[in-house]
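As given, the protein sequences belong to chains A and B, one line each in that order.
Count the first sequence with this note's numbering and you get residues 4 to 256, in order.
Count the second sequence with this note's numbering and you get residues 4 to 256, in order.
2 protein chains.
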Amino acid sequence: MSSEHDCKNRVPTRNINVSCTDCSLNPICLPVAVDETQLDELDKIIKRSKPLKKGEHLFRASDPFASIYAVRSGTIKTYSVTEDGEEQVTGFYLPGEVLGVDGISTNIHSNSAKALETAAVCEIPFEKLEFLSAKIPTLQRHFFQLMSKEIQADQQLIMLLSKKSAEERIASLLLSISTRHTKRGLSASGFRLPMSRNDIGNFLGLAVETVSRVFTRLQKQGVIYVDGKEVEVLDMQGLCHMANGMESDAKTA
Amino acid sequence: MSSEHDCKNRVPTRNINVSCTDCSLNPICLPVAVDETQLDELDKIIKRSKPLKKGEHLFRASDPFASIYAVRSGTIKTYSVTEDGEEQVTGFYLPGEVLGVDGISTNIHSNSAKALETAAVCEIPFEKLEFLSAKIPTLQRHFFQLMSKEIQADQQLIMLLSKKSAEERIASLLLSISTRHTKRGLSASGFRLPMSRNDIGNFLGLAVETVSRVFTRLQKQGVIYVDGKEVEVLDMQGLCHMANGMESDAKTA
DNA sequence: CGTGCATTTGAATGAGTTCAAGAGCAGTGG
DNA sequence: CCACTGCTCTTGAACTCATTCAAATGCACG
Numbered sequence: 004m005s006s007e008h009d010c011k012n013r014v015p016t017r018n019i020n021v022s023c024t025d026c027s028l029n030p031i032c033l034p035v036a037v038d039e040t041q042l043d044e045l046d047k048i049i050k051r052s053k054p055l056k057k058g059e060h061l062f063r064a065s066d067p068f069a070s071i072y073a074v075r076s077g078t079i080k081t082y083s084v085t086e087d088g089e090e091q092v093t094g095f096y097l098p099g100e101v102l103g104v105d106g107i108s109t110n111i112h113s114n115s116a117k118a119l120e121t122a123a124v125c126e127i128p129f130e131k132l133e134f135l136s137a138k139i140p141t142l143q144r145h146f147f148q149l150m151s152k153e154i155q156a157d158q159q160l161i162m163l164l165s166k167k168s169a170e171e172r173i174a175s176l177l178l179s180i181s182t183r184h185t186k187r188g189l190s191a192s193g194f195r196l197p198m199s200r201n202d203i204g205n206f207l208g209l210a211v212e213t214v215s216r217v218f219t220r221l222q223k224q225g226v227i228y229v230d231g232k233e234v235e236v237l238d239m240q241g242l243c244h245m246a247n248g249m250e251s252d253a254k255t256a
Numbered sequence: 004m005s006s007e008h009d010c011k012n013r014v015p016t017r018n019i020n021v022s023c024t025d026c027s028l029n030p031i032c033l034p035v036a037v038d039e040t041q042l043d044e045l046d047k048i049i050k051r052s053k054p055l056k057k058g059e060h061l062f063r064a065s066d067p068f069a070s071i072y073a074v075r076s077g078t079i080k081t082y083s084v085t086e087d088g089e090e091q092v093t094g095f096y097l098p099g100e101v102l103g104v105d106g107i108s109t110n111i112h113s114n115s116a117k118a119l120e121t122a123a124v125c126e127i128p129f130e131k132l133e134f135l136s137a138k139i140p141t142l143q144r145h146f147f148q149l150m151s152k153e154i155q156a157d158q159q160l161i162m163l164l165s166k167k168s169a170e171e172r173i174a175s176l177l178l179s180i181s182t183r184h185t186k187r188g189l190s191a192s193g194f195r196l197p198m199s200r201n202d203i204g205n206f207l208g209l210a211v212e213t214v215s216r217v218f219t220r221l222q223k224q225g226v227i228y229v230d231g232k233e234v235e236v237l238d239m240q241g242l243c244h245m246a247n248g249m250e251s252d253a254k255t256a
């Protein structure tokens, strides 16, 4: 309903220093848990630094853990590296989403976080958040929920990796991104994939080539239209069926 | 060193009502976060109910979420069910480990939890724990860490599912169980797998047949000795290498 | 307007699945 | 005590989906 036009390559966020009160992500970010009178307190502990450029790291695995981060604009990918040096993408974080909780248990990040495009984040020092959480019960609750949500997301990925075919995996990812777009009031059917085919494949446990082939196949089937990173979902219901492993023949026939 | 003999089918836990203070799992369970003076408070909110029999549910997906649970004896498996009705095992919980946090974000459990053998658990009402967490900073911290640990475990599973071969997966699982045994002061090399081949396969994203074949293969290679659910690790280092995808030929050759 | 990546496409290969059948084992009841 | 039943587990053989290898094409950026 509001500033949905990103026609120019203007960064969606107007100003580095918008307070939570004025941030358009307000309703899907941390502030949801805090009533107006206390929002100021939360706002005060949040650091808003200069945006990251594409490819820059927000933090790296083995960095000491000090803060969690809320994405304000752009996309961040998190990944870890296996013993034998291979990269595993563990998540993509879109505006309004919170990352970095992986470091809490050991005080050291177990993942690295890298900007896939120019991205701005709000840094929330964890110790201060802990302190505030103990004072504001709804915030503590919200933060527990946030971590629980991360667990659920991971478990869905586990399910996907362990049970689903290449087609189902891609379909699921597209739906996930579409849904998350909707939460921000953006189009459910048309969007730009901020990550490379390589990242997609890595995340979904597929070879790049497979990702590419599936995209082509989905396009031939008329479920989506793809042009590079730009995606248009033509048959949302078909995509849903596909993601859930339903045999969906009765389509164009 | 102590009561490692489960010759008879006696339940390892002596008494249903051991307080946290007296519980042998004390050093690896929730109480680690709480000093003696406050342990009483934690102890008071914990409910210790009668043991579950093999196959009984602790909770089911879609049950309202009210408590988290610490395993006191036996083994619990958690699993969820896909849209198309398939089961996905999401974790195995051994004594001293905490489960049930999946329900926090929605107030409804997203997993079911089922006893793989006779099992006793401590029930910890979540609202009371929240309240106590706000009061005892180390407890809040510990609980955050506990959830963060769950996230890390899930992410390791993700890595395993997306990158590792059947052999590496089985090796990893054996090592994981071995390590967790060690934490309780039990043998690292000899143990009993509390779950069926089917559960193992489901958890690791493999067909039962593959699990069976890999066990046989590992045995032939002299890395482990298997007799039904009983496992003896013969070459711990070899198993480690195997789990991490190292080519380890120079063995019996 | 090259140069270096990212992406796509094709063909061959392979690890794990599926299907099928037999072996082992625990519980039950005569 | 033994036979029967219903499991779980193991083993073999054929098949399949995704991977790997190889090469062409497209795209972005200096």
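Using N, Cα and C, we set each Cβ at its ideal position, and we do this for glycine too.
Cut-off 6 angstroms between Cβ atoms - residues of its own chain near residue i, not counting five sequence neighbours on either side
i: K117 (chain A); result: H60 and K80
i: V214 (chain B); result: R200, I203 and G204
i: C32 (chain B); result: A73 and G99
i: I127 (chain B); result: I49, S70 and I71
i: F218 (chain A); result: V229
i: G106 (chain B); result: F68 and H112
i: T185 (chain B); result: A191
i: G248 (chain B); result: E171
Neighbour flag for residue i against chain B, beta carbons, 7 angstroms
i: D230 (chain A); result: no
i: Q155 (chain A); result: yes
i: E86 (chain A); result: yes
i: L142 (chain A); result: no
i: G248 (chain A); result: yes
i: A137 (chain A); result: yes
i: I127 (chain A); result: no
i: K223 (chain A); result: no
i: S165 (chain A); result: yes
i: K152 (chain A); result: yes
i: S113 (chain A); result: yes
i: S108 (chain A); result: yes
Host alpha helix (DSSP H) of residue i (start-end)
i: H112 (chain B); result: Element bounds for H112 (chain B): n/a, residue is neither H nor E.
i: G204 (chain B); result: R200 to L207
i: A169 (chain B); result: A169 to K186
i: M162 (chain B); result: P140 to K166
Bridge partners - residue i, DSSP secondary structure assignment
i: C125 (chain B); result: B:R51 and B:A73
i: A118 (chain A); result: A:I79
i: I227 (chain A); result: A:V236
i: R195 (chain B); result: B:E233
i: F62 (chain B); result: B:A116
i: P67 (chain A); result: A:I111
i: L102 (chain A); result: A:Y72
i: V84 (chain A); result: A:E90
Where the beta strand (DSSP E) containing residue i begins and where it ends
i: T93 (chain A); result: E90 to Y96
Within-7 angstroms CB hit, residue i to chain A
i: K254 (chain B); result: The predicted model places K254 (chain B) with a pLDDT of 39, which falls under 50 and marks its position as unreliable; any figure quoted below should be read in that light. No, K254 (chain B) lies away from the interface with chain A (no Cβ there is under 7 angstroms from its Cβ).
i: F194 (chain B); result: no
i: F218 (chain B); result: no
i: V104 (chain B); result: yes
i: G208 (chain B); result: yes
i: L160 (chain B); result: yes
i: F95 (chain B); result: no
i: F62 (chain B); result: no
i: I79 (chain B); result: no
i: Q148 (chain B); result: yes
i: K117 (chain B); result: no
i: S199 (chain B); result: no
Anticipated Cβ contact below 8 angstroms, residue i with residue j, distance rounded
i: A64 (chain A); j: V84 (chain A); result: 6 angstroms
i: A123 (chain A); j: P54 (chain A); result: 4 angstroms
i: S108 (chain A); j: Q155 (chain B); result: 6 angstroms
i: Q143 (chain B); j: E120 (chain A); result: Incorrect: roughly 36 angstroms between the Cβ atoms, too far for contact.
i: M245 (chain B); j: A169 (chain B); result: In fact, because the Cβ distance is near 11 angstroms, the residues do not count as touching under 8 angstroms.
Neighbourhood of residue i by C-beta, 8 angstroms cutoff - its chain only, sequence neighbours within 5 removed
i: N110 (chain A); result: P67 and F68
i: C26 (chain B); result: C32, P34 and R75
i: N29 (chain B); result: C23 and V35
Same chain, Cβ closer than 7 angstroms to residue i, neighbours up to 5 away in sequence not counted
i: T141 (chain B); result: A36 and V37
i: E235 (chain B); result: S192, G193, I227 and Y228
i: E39 (chain B); result: none
i: N12 (chain B); result: Any reading at N12 (chain B) must be qualified, since the residue scores a pLDDT of 40, below 50, and its modelled position is unreliable; the value itself is stated next. Here the set comprises nothing.
i: I139 (chain A); result: V37 and Q41
i: L176 (chain A); result: I203 and L207
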